[in-house]
Each structure stands twice: as C-alpha cells, then as structure tokens.
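A.B. asks:
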Amino acid sequence: MSVMMPKPSEAILARRRAIVEALRAIVPGEGVVDAANEMAVFESDGLTAYRQLPLVVVLPSTVDQVAAVLKYCHREDIAVVPRGSGTSLSGGALPLEDGVLLVLSKFNRVLEIDYDNRCAVVQPGVTNLGITHAVAGHGFYYAPDPSSQIACSIGGNVAENSGGVHCLKYGLTANNVLGIEFVTIEGEVMRLGGKHLDAEGYDLLGLMTGSEGLLGVVTEVTVRILQKPETARAVLIGFPTSEEAGECVAAIIAKGIIPGGMEMMDRPAIRAAEDFVHAGYPTDVEALLIVELDGPGAEVDHLLAEVEGIANANGAVTCRVSQSEEERAAFWAGRKAAFPAVGRISPDYYCMDGTIPRKELPKVLAGMKAMSEKYGLRVANVFHAGDGNLHPLILYDANKEGELHRAEEFGNDILRLCVAVGGVLTGEHGVGVEKRDLMPEMFDETDLKHQQRVKCAFDDKHLLNPGKVFPTLHRCAELGRMHVHKGQVAFPDLPRF
Amino acid sequence: MSSARSMTQDDSAATILHPQSEADIRDIVAAAVAAEEPLAIEGTGSKAGLGRPVQAARTLSLAKMSGVTLYEPEELVLSAKAGTPIAEIEALVDAHGQRLEFEPMDYGPLHGLCAGQGTLGGVVACNLSGPRRLKQGAARDHVLGVRAVSGRAEIFKSGGRVVKNVTGYDLSKGLTGSYGTLAVMSEITIKVLPKCETETTLVLRGLSDAEAAGAMAASMGSSAEVSGAAHLPMYVAARVADGALGNDAATLIRIDGFGPSVEARAAHLGRGLEKVGKVERLDPQASRRLWRDVRDVRPFVDGTQKPVWRLSVTPTRAHEIVMSLRMQAAIDAFYDWQGGLVWLKMETGEPEADLVRATLRRFGGGHATLVRASESVRAATAVFEPQPGPLAGLSHRLKEQFDPKGVLNPGKMG
Chain Z
1346 MSVMMPKPSE
1356 AILARRRAIV
1366 EALRAIVPGE
1376 GVVDAANEMA
1386 VFESDGLTAY
1396 RQLPLVVVLP
1406 STVDQVAAVL
1416 KYCHREDIAV
1426 VPRGSGTSLS
1436 GGALPLEDGV
1446 LLVLSKFNRV
1456 LEIDYDNRCA
1466 VVQPGVTNLG
1476 ITHAVAGHGF
1486 YYAPDPSSQI
1496 ACSIGGNVAE
1506 NSGGVHCLKY
1516 GLTANNVLGI
1526 EFVTIEGEVM
1536 RLGGKHLDAE
1546 GYDLLGLMTG
1556 SEGLLGVVTE
1566 VTVRILQKPE
1576 TARAVLIGFP
1586 TSEEAGECVA
1596 AIIAKGIIPG
1606 GMEMMDRPAI
1616 RAAEDFVHAG
1626 YPTDVEALLI
1636 VELDGPGAEV
1646 DHLLAEVEGI
1656 ANANGAVTCR
1666 VSQSEEERAA
1676 FWAGRKAAFP
1686 AVGRISPDYY
1696 CMDGTIPRKE
1706 LPKVLAGMKA
1716 MSEKYGLRVA
1726 NVFHAGDGNL
1736 HPLILYDANK
1746 EGELHRAEEF
1756 GNDILRLCVA
1766 VGGVLTGEHG
1776 VGVEKRDLMP
1786 EMFDETDLKH
1796 QQRVKCAFDD
1806 KHLLNPGKVF
1816 PTLHRCAELG
1826 RMHVHKGQVA
1836 FPDLPRF
Chain P
2 MSSARSMTQD
12 DSAATILHPQ
22 SEADIRDIVA
32 AAVAAEEPLA
42 IEGTGSKAGL
52 GRPVQAARTL
62 SLAKMSGVTL
72 YEPEELVLSA
82 KAGTPIAEIE
92 ALVDAHGQRL
102 EFEPMDYGPL
112 HGLCAGQGTL
122 GGVVACNLSG
132 PRRLKQGAAR
142 DHVLGVRAVS
152 GRAEIFKSGG
162 RVVKNVTGYD
172 LSKGLTGSYG
182 TLAVMSEITI
192 KVLPKCETET
202 TLVLRGLSDA
212 EAAGAMAASM
222 GSSAEVSGAA
232 HLPMYVAARV
242 ADGALGNDAA
252 TLIRIDGFGP
262 SVEARAAHLG
272 RGLEKVGKVE
282 RLDPQASRRL
292 WRDVRDVRPF
302 VDGTQKPVWR
312 LSVTPTRAHE
322 IVMSLRMQAA
332 IDAFYDWQGG
342 LVWLKMETGE
352 PEADLVRATL
362 RRFGGGHATL
372 VRASESVRAA
382 TAVFEPQPGP
392 LAGLSHRLKE
402 QFDPKGVLNP
412 GKMG
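Which chain is which? The protein sequence lines are Z and P, in order. Count along the first sequence from 1, then add 1345; that gives the number in our numbering. Count along the second sequence from 1, then add 1; that gives the number in our numbering.
1) When we look at the beta-carbon of Z/Met1607 and count the other beta-carbons within 10 Å, is it buried (16 or more) or exposed?
2) Measuring straight from C-alpha to C-alpha, what distance separates P/Gly407 and P/Ala58?
3) For Z/Thr1432, which residues of its own chain have a beta-carbon under 7 Å away from its beta-carbon, when the five flanking residues on both sides are left out?
4) Tell me the residue span of the beta strand (DSSP E) that contains Z/Cys1464.
5) Return helix, strand or coil for P/Met186, following the three-state DSSP convention.
6) Just curious, the alpha helix (DSSP H) that Z/Ser1389 is in, first and last residue?
7) Keeping to the same chain, check which residues put their C-beta closer than 7 Å to that of P/Val384; ignore five residues upstream and five downstream.
8) Which runs of the beta strand (DSSP E) fall wholly inside the segment 1726 to 1765 of chain Z and span at least 3 residues, in chain order?
9) Measuring straight from C-alpha to C-alpha, what distance separates P/Leu246 and P/Ser67?
10) Which residues in chain Z sit within 9 Å of P/Met221, going by Cβ to Cβ distance?
11) Which residues of chain P have a Cβ atom closer than 7 Å to the Cβ of Z/Ala1595, listed in chain order?
12) Please list, in chain order, the chain Z residues whose beta carbon lies closer than 8 Å to that of P/Ala139.
13) Would you decide whether Z/Asn1744 is buried or exposed? Buried here means 16 or more other CB atoms lie within 10 Å of its CB.
14) Hey, does P/Ser3 have any beta-carbon neighbour from chain Z nearer than 7 Å?
15) If you run the structure through DSSP and keep just helix, strand and coil, what is P/Ser396?
16) Using DSSP with H/G/I as helix, E/B as strand and the rest coil, what is P/Ile42?
17) Excluding sequence positions up to five away, which residues of its chain have a Cβ less than 7 Å from the Cβ of Z/Gln1410?
18) Under 7 Å, Cβ to Cβ, is there at least one residue of chain P near Z/Ala1643?
19) Once DSSP output is grouped into helix, strand and coil, what is the label at Z/Met1827?
20) Look at the alpha carbon of P/Lys82 and the alpha carbon of P/Leu121, and state the distance between them as a whole number of angstroms.
21) Please work out which residues of its chain come closer than 6 Å, Cβ to Cβ, to Z/Leu1415, disregarding the five sequence neighbours upstream and downstream, and give them in chain order.
22) Assuming Z/Pro1471 contacts Z/Ile1525 under a Cβ cut-off of 8 Å, what Cβ separation, rounded to an integer in Å, is found between them?
23) Output the distance between the C-alpha atoms of P/Ser187 and P/Lys279, rounded to the nearest integer angstrom.
24) Which residue or residues does DSSP assign as beta-bridge partners of P/Arg289?
25) What are the start and end residues of each continuous alpha helix (DSSP H) run of 4 or more residues lying completely inside the segment 1550 to 1630 of chain Z, in chain order?
26) Just to confirm my understanding: we take Z/Leu1441, look at its own chain, exclude 5 residues before and 5 after, and list those with CB closer than 8 Å. What are they?
27) Looking at C-beta atoms only, is the number of pairs between the segment 1768 to 1779 of chain Z and the segment 1651 to 1671 of chain Z that lie closer than 8 Å three or more?
28) Beta-carbon separation of P/Ser130 and P/Ala139 under 7 Å?
29) Out of P/Lys65, P/Lys48, P/Ala24, state which residue places its alpha-carbon closest to the alpha-carbon of P/Ile17.
30) Assuming contact is defined by CB atoms lying nearer than 7 Å, are Z/Asp1693 and Z/Tyr1626 in contact in what I supplied?
31) Near P/Lys48, what residues of its chain come up, given a Cβ to Cβ distance below 7 Å and the 5 sequence neighbours on each side ignored?
32) Strictly under 7 Å for the Cβ-Cβ distance: is Z/Met1713 near chain P by that measure?
33) To the nearest angstrom, report how far apart Z/Arg1751 and P/Ile26 are at their CA atoms.
34) Could you work out which residue in P/Leu356, P/Val323, P/Ser377, P/Leu71 is closest to P/Ile189 when comparing CA atoms only?
35) Just by C-beta distance, which residues in the segment 1388 to 1402 of chain Z are closer than 9 Å to chain P?
36) One question on the structure: do P/Thr252 and P/Leu291 come within less than 7 Å of each other, judged by their Cβ atoms?
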C-alpha cells in the first residue's frame, strides 16, 4: 500500500468504546458491528491491495438512523466512510482506522415503479441489476451497466457516476438519475430533483453524482427507466492491427452510427478470454471489435449492413454477425469475462481506467508496450472503444518482491500518458485512494482548490470520506481566505505547474 | 488591465467591459473584488430578461471572447470560447452532419428580440435545452469541460474533452445553469452527435389534455424511441408553423433516426395510437419547423411582457396542474417533454407566483421559473423556485465559496 492515509486521531481511537455505545443507542441490535473478526469482511472494497479495519461498522435501516449517526459524528468530529456493496475499484470505500464505516446495505427496497413517467424510486442498497429485474416484466430496464452490476448498489453508482459498456449511447449514471434524497454530515435530510427534470437552482445533483461519498450519504434514488430495445445484435470483427480497428471505430461514428456498445480487446485479452470461455473469438488477430446495435429490427438490420461494409473497407479479416440471442451472448461472454480470464493467466492483475481521445489509441498502445518492457510486466487491454475508455490489465504476482509496486508505477505511467494525450485519469472507476496522488497530473492547485471549495460548502469539517480524491487536505478556513492588498487581489494560487 | 477594452454604452451610463482573454477576465474580476463593485455578466445580452435584474454599474461582456478552439467531428467533441454565437456553432457542426443533441432553445423571440442571438456561454449558463431533452438530456448532460474565472479572480478548469470522465467533482455541471453567479466561463467543451438522417411527427387531433397525457405516456413507454412529445391545446395549436395545424388541439410525437428505422417505428407506434384517434404524419420539413416553434415557445410570442412561467413537473401530473390553474386564473398553457415541461402564460399580467407554486406542489411537485416578465415584476417576484431552508443554505454556501464578495451577477438567482 503506497498511498498514505490521514494519520488516525489518537483521541478518537481512545474513545472507541464510548463511540460504539453511542452508536448502539442510535442503531440498536445487530446494526453496530465492532468485533474485529466480524468487521474483517469490510476491510477492503474491490481494490483489494488496500485493507484497513474501520473503527466500527454501522448498518442503519432508516433515514432517521442515518441522520442521527451523521449528526453524532459531526458533533464528535468523527470521520465517516459511506459504503454500498463495496465493489469500488479505486478504494472509495476503504475504511479508516479512526472512522465509522456507514454501510447502506439494509436500504434494499424498490419503493415505487412509475411506468407512465418512466422512473423507479429505489433505496441506495438496491443493486444496479436489481432495478432492471424489478421492471423487466414490463419490458423496461435501467441503462447504465457497470460490469459489477450484479453486485454493485445504485447508491454506489451515484457516488461513483458509474458507466458501463452501453454509456456511449445511453449515458452514465449522471445522465440517468432524476433525483436523490441525501443526508448531509450535519444530519440534514435533503431532496434534489425527483420525477421532474433539471434543477430549480444550482445543479447540486450533478455535483453529488460522482462525488465519491465526500459530500453526503445518498438514502434514496429516482432513476430513469427505458423500454428495452426491440432487438439487439452484435458483430464480431477481427483486425490485423489495432490501428485498423481504431479507424473502423472512427468510420462507424463518422457515418452517424452510435452503437449500443462498441468494445475492443487486444491480442493478450482475446487469448485469455477465448481460453477461458471459448466464445469463438479469432485468436490470430491483433484487435477484436464487438459492435452491438440495438433498436427496432429494421434499424438494426440496416445498420449491421453498414457496419459490415465499414469493417471490410477498414481491413477487417474476420466479420461475424450474431444469428441468435445465444450467439450474441457468447460474443459478450468473452468480453465480460475478460477480467477473470486474465486472472487465470496471472496470480494478480491491476485494472486501470483512463480515458483518451479515440484517435490517440495507437500512440497509447505503443506507449504501453514500451512500458511493459521497461517494467517487465505483461499487460492486456480491454477498451470501451466508442468512448475512449481504456482498461489496461497489468499482470503481476503480489508474492514476488516488488511486483505490486512495479505494477502500480506502471499503472501510474499509463495514466500520465492518458492525460498527456488529452485524456483523463479515470473514466468510470473513480479517483478514490488509488489515483488520489495523481490528481495534480490533470489539475493544478487552483483547479483542485475550487473542487475542494465544493467540499467545504457541504462538509466544512472534512469528516466525510477523508483521504479520498484530494491529494492534500486544505482546511476550509484556509481555502476561504481571499487576500485583497492595495486594491488588488493577491494571487497566491496561480497555476504553478 | 492588460488588453481589456472598456467603453461606455451609448444609451446608458453603465460601463461595458470587453475582456479579450482569460487573463483579462481575471483582471476585471479582481478589480471588482478589490472595489467590492458587482459585475453583470453577459454574452450578447440576449438573455438579459431571464432571472432577477442585476444591480451592477459595470457589465462584463464575453462578446469578444469568441471562436471555436477545437472541433474534431470524429471524436464528437467541440470547444469554443464562451462568447461564440451558438448559431455559428450550430452551422459549423451542421456542415459536418452533426448537431447539439440537447436542441438548445432560444428565448429571443419570447423576449421580443431577434432569434439566433445567443452565445454558447449563455446557453450553458442557463442550461437551455429543447424538446429532445426528454430523450437525450439537457445542456448539462453534454458539457464535458469548462475553463472559468471564479469570483475569487482565479482561473480554473474542470472536466476534459472526453465523454467518460469521473476525475474529481463535476464542476462543469455545477457551473451549467448557474447563470453566471459562481464563475465567468471563458471556454466550454461540449459533446456533439451525428444528426438524424430523417424525422417525422405523428399528430393526433382534438385530444383533451388528459387524453394527450395518456397518449404521450404510452408513446414514451413504447420501444419507438420517441424524441419529442408535446401537446398543444385548442387555439395554441394555431400559433405554430404559421397556422398549418389549424385550431384543434394537436398532440405531437416525434420520431427521428435512420430512414428505414423511422419508417418502421412510426408505422408501429402509429398503429398503436389509432385507438386514441386518427394519426396524421408530417414530412421532415414540416416536422422540423413545428418543433422549432414548440422549442422557442412561439405560441406565446405576442409582443407583450405578460408573465410566462416554465414549469418542470411530473409529466403525468401536468394536465392536473393546468386544469386547476385554469379554474383560478386566466392562463394559456401548452406542454412539452411528455408534459414534464409546461409553458404557462398569465393573461391578466399578474405573475400569481404563490398560486402557481402552490398548485404545482399539490400535484407532485417540481419547480416553476418565471421566464418572461417586466423588469419590475422580476424584481418583485421570486423568479426561481424558492428552496427549503437547508437546501437554500447549501446553495448559499456554494455561492460564497466561489464568489465570497458577491461580485458575479448578484441577486440574479436569489
């Protein structure tokens, strides 16, 4: 673990007994967990390289309890880490030694489904796929589909602004959430949005979405549900080079086609997936595209023909259109199993998440190849080709001295390269602890201070999820200062990088 | 102030400052902070009639911060300085077969001004969207990144130029719809998308508002991927597309996309709607004309300053709100966004804010914004929906963080 977390407060640790008792008074029964062996399950999230037992775990079951817990922690200056299902890949739900872990898993009910207004009101602990299951009977679904959708909670999706393979066409969580109820660190319950669109004032919903649990604790979510497309068919296209695959992607979009999903895999990822699930992927190609077209049958047929033509014009060596639902599912099975497939060929892997302008793909892949040689570690790539979101998987062995460290350095170099070509550090996994210290690669100090000023408006004592997202914690009093000297504003914060 | 030009407007004593660079903006804001003298922030001034009147001796105009700085059609991305005319951007992307998917509306005609005068910065600052917002999201869903100068006279950026980005807080969304009260945006990056090959509109005639609500809900809930659902009650219908629709109420369902797909979806949905009434179909040109008029609130472009409200409500409750209001006040109304957007004109000239807002709360909630009224009415009325205490406190704290001296468009939203 190479990221330093804030130093635990000795005073809080010393008061642990009293804190546990106070929390038990708010959340009775089994809602407060303080035995080390019972808390162990919560010691990490999806970023398993980082582990820490929390001060205590609280599992409230009512909004009143959430509000009372937060109010108590605010009064007593105790840090709080909110957690949904704990599938974060960036350590967003990593506990703090001196912090309360607030787990929302008991908030697992679908509260209302309103088909006429195409929305569902759910509690934050409902899983992403759980929403789709609840509305599937009427032919509806919830569009954002992170690969952890079977387990990840909608509250966590809001915190992370989760994406998925379909977000090129259907948007991220932020574009599919209509409203939330959340509780501030002061214990104030607030509602933003609802069944209507847009905000009456500042877009606080937009700020809350993707704020990684640093601004408030979400206790209810209203999401847009959509009628399921009439049909979906996928085409599997192999290319001798990733450049040609990239050109094919650009040509599809230039033709005005926005596929439901457009995924790319490189040779190592293709091989690993094929060996694992036998999806029928060609293993003699350097790059494989899965293009899924969804919509009315007439549209899908029309566009499939277009895509096939574009693929052939761009050097495709194989091109197979799914002829049945089973075959479509098989095409996806390999892609969706890419992570575990890589897990079979390496003791450990480290999943990255940069986004780049699509045209920079050849440059970034070449850069990664050079880094792979430099660090002596293999890398496999899966890539949301439509929106430029890369998921390089760095293969390493944690039991070998120094390999984790090398993998992390390798990953950091990849993200630096992403930023250098005009991209960003994280497309959908979040900053968390993992990419916290890389934030200055993308933002200068003034940029970061403006982000932290949002934090100050919501949580001026920095009690919610401290140590995540921001590399340095500026006290709000310090951020609030403005120096006016002889009729001029001083600029202590001008860009320095 | 390096290259900033200042000049005095001919018809008033107000000073208009024309920064030509981000550094100029910073210097102007810094001077305003030091002197504690507020600034009105504007592009071309086409939306000056929105929000509450700003009391400021000086105006910071972004009109000279103009120009597209990056456009890569194959990457679906465009960046432009905030003062770039939106018409210029729309023409540019149109020439490349693309469009702004959120279909930004134009308040110009409603405010008695020419159409097509606004800037990108204005569209984003007011989060302006059109009928397609229902399916494809608002301006806020298409802003990828911003550069701006906050009320602390500091230049900062947020977001980037790629669609998928969760790096740090989304200040781009925070600034979108903030009416220039948090920061002065200098450059904005937006997502652009391919425009549709073709479109058609299905028209149902003579439905009551309640029947129309049902037909629109059924259409939106179908797999026809409807990109516009509006209802124009009797007489309102006559005031779009030069009267082409006649007087009878018209319920409009737009379908766009690739030719064969539009044909198949329109035929399928049309059959489904036949049980409600006879379904007519408009050709692409007539459809485009019609939706532009719906988008720009053409039925209420009447050369007056009679108050016009924009209600954002639960779509299926909209007709109940309108019916209740009709019984208590002289109003004219029509619906977009499946009913989720209600345009309401107050015929007596009184805004009746309390009545409008109480009625809205009674039928599912939402918010009401007074989008047209004389300056004196806007000064005396809560133009934006008042927020409950704790939420108002949070909004206030956000404003204080970004603009501690209150120099940017003070009072515009409050």
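C-beta: ideal position from N, C-alpha, C; glycine also.
C.D. replies: The structure says:
1) Start at 1 with the first residue of the first sequence, and residue 1607 of chain Z comes out as number 262. Under this definition Z/Met1607 is a buried residue.
2) Your numbering for residue 407 of chain P matches position 406 in the second sequence. Your numbering for residue 58 of chain P matches position 57 in the second sequence. If I take the Cα positions, the gap works out to 14 Å.
3) Working through the first sequence from its first residue, we reach residue 1432 of chain Z at position 87. These residues qualify, in order along the chain: Asp1390, Gly1391, Ser1493, Ala1496, Cys1497, Gly1501.
4) As a working note, residue 1464 of chain Z is residue 119 in the first sequence. Start and end: 1464 to 1467.
5) Start at 1 with the first residue of the second sequence, and residue 186 of chain P comes out as number 185. Strand, per DSSP.
6) Residue 1389 of chain Z sits at position 44 when you count from the first residue of the first sequence. Run containing Z/Ser1389: none; DSSP gives neither H nor E here.
7) Your numbering for residue 384 of chain P matches position 383 in the second sequence. So the qualifying residues of the chain are Gly52, Arg53, Thr370, Leu371.
8) 1734 to 1741
9) Taking the second sequence and counting its residues from 1, the one referred to as residue 246 of chain P is at position 245. Taking the second sequence and counting its residues from 1, the one referred to as residue 67 of chain P is at position 66. Computed Cα separation, rounded: 39 Å.
10) Against the second sequence, residue 221 of chain P aligns to sequence position 220. Under the 9 Å cutoff, chain Z gives Asp1461, Asn1462, Arg1463, Gln1572.
11) As a position in the first sequence, residue 1595 of chain Z is number 250, starting the count at 1. Per Cβ cutoff of 7 Å: Glu75.
12) Against the second sequence, residue 139 of chain P aligns to sequence position 138. Going along chain Z in sequence order, the residues near P/Ala139 (Cβ under 8 Å) are Leu1542, Asp1543.
13) Within the first sequence, numbered from 1, the residue matching residue 1744 of chain Z stands at position 399. Result: exposed.
14) Start at 1 with the first residue of the second sequence, and residue 3 of chain P comes out as number 2. In this prediction, P/Ser3 has a pLDDT of 41, which is less than 50 and means its spatial position is unreliable; what the coordinates show is noted afterwards. Not an interface residue.
15) Sequence index remark: in the second sequence, residue 396 of chain P carries index 395 (1-based). The answer is helix: DSSP assigns P/Ser396 an H, G or I state.
16) As a working mapping, residue 42 of chain P is identified with position 41 in the second sequence. In this structure, P/Ile42 counts as strand in the three-state DSSP scheme.
17) Looking up residue 1410 of chain Z in the first sequence gives position 65. For Z/Gln1410, where only same-chain residues beyond five positions count, the Cβ hits under 7 Å are Ile1371, Val1372.
18) Within the first sequence, the letter at position 298 stands for residue 1643 of chain Z. It does; some Cβ of chain P falls within 7 Å.
19) Residue mapping note: residue 1827 of chain Z aligns to position 482 of the first sequence, counting from 1. Note: Z/Met1827 maps to coil in three-state DSSP.
20) As a position in the second sequence, residue 82 of chain P is number 81, starting the count at 1. As a position in the second sequence, residue 121 of chain P is number 120, starting the count at 1. Going by the C-alpha atoms only, they are around 8 Å apart.
21) Position 70 of the first sequence, counting from 1, holds the residue named residue 1415 of chain Z. These residues qualify, in order along the chain: Val1528, Ile1530, Gly1532.
22) For the purposes of this step, residue 1471 of chain Z is identified with residue 126 of the first sequence, where counting begins at 1. For the purposes of this step, residue 1525 of chain Z is identified with residue 180 of the first sequence, where counting begins at 1. Reading off the sequence, residue 1471 of chain Z comes out as Val, not Pro. With 8 Å as the limit, Z/Val1471 and Z/Ile1525 do not qualify as a contact, their Cβ atoms being about 13 Å apart.
23) The residue you call residue 187 of chain P lines up with position 186 of the second sequence. The residue you call residue 279 of chain P lines up with position 278 of the second sequence. Straight-line Cα distance between these residues: approximately 50 Å.
24) For this step, residue 289 of chain P is matched to residue 288 along the second sequence. DSSP lists no partner for P/Arg289.
25) 1587 to 1599, 1612 to 1622
26) The residue given as residue 1441 of chain Z occupies position 96 in the first sequence. Met1350, Pro1351, Pro1353, Gln1397, Pro1399, Leu1400, Ala1424, Val1426, Pro1811, Gly1812, listed in sequence order.
27) no
28) In the second sequence, the residue the question calls residue 130 of chain P occupies position 129. In the second sequence, the residue the question calls residue 139 of chain P occupies position 138. The answer is yes: Cβ separation under 7 Å.
29) As a working mapping, residue 17 of chain P is identified with position 16 in the second sequence. Nearest of P/Lys65, P/Lys48, P/Ala24 to P/Ile17, Cα basis: P/Lys65.
30) Your numbering for residue 1693 of chain Z matches position 348 in the first sequence. Your numbering for residue 1626 of chain Z matches position 281 in the first sequence. Their beta carbons are not under 7 Å apart, which means Z/Asp1693 does not touch Z/Tyr1626 by this criterion.
31) Here residue 48 of chain P corresponds to residue number 47 of the second sequence, with the count starting at 1. Closer than 7 Å at Cβ, skipping near neighbours: Tyr108, Gly119, Gly123, Cys127.
32) As a position in the first sequence, residue 1713 of chain Z is number 368, starting the count at 1. It does not: the Cβ of Z/Met1713 has no partner Cβ on chain P nearer than 7 Å.
33) Here residue 1751 of chain Z refers to the residue found at position 406 of the first sequence. Here residue 26 of chain P refers to the residue found at position 25 of the second sequence. If I take the Cα positions, the gap works out to 45 Å.
34) In the second sequence, residue 189 of chain P corresponds to position 188, counting from 1. Minimum Cα distance to P/Ile189 is reached at P/Leu71.
35) none
36) Your numbering for residue 252 of chain P matches position 251 in the second sequence. Your numbering for residue 291 of chain P matches position 290 in the second sequence. No; because the gap between Cβ atoms is not below 7 Å, this pair is not in contact.
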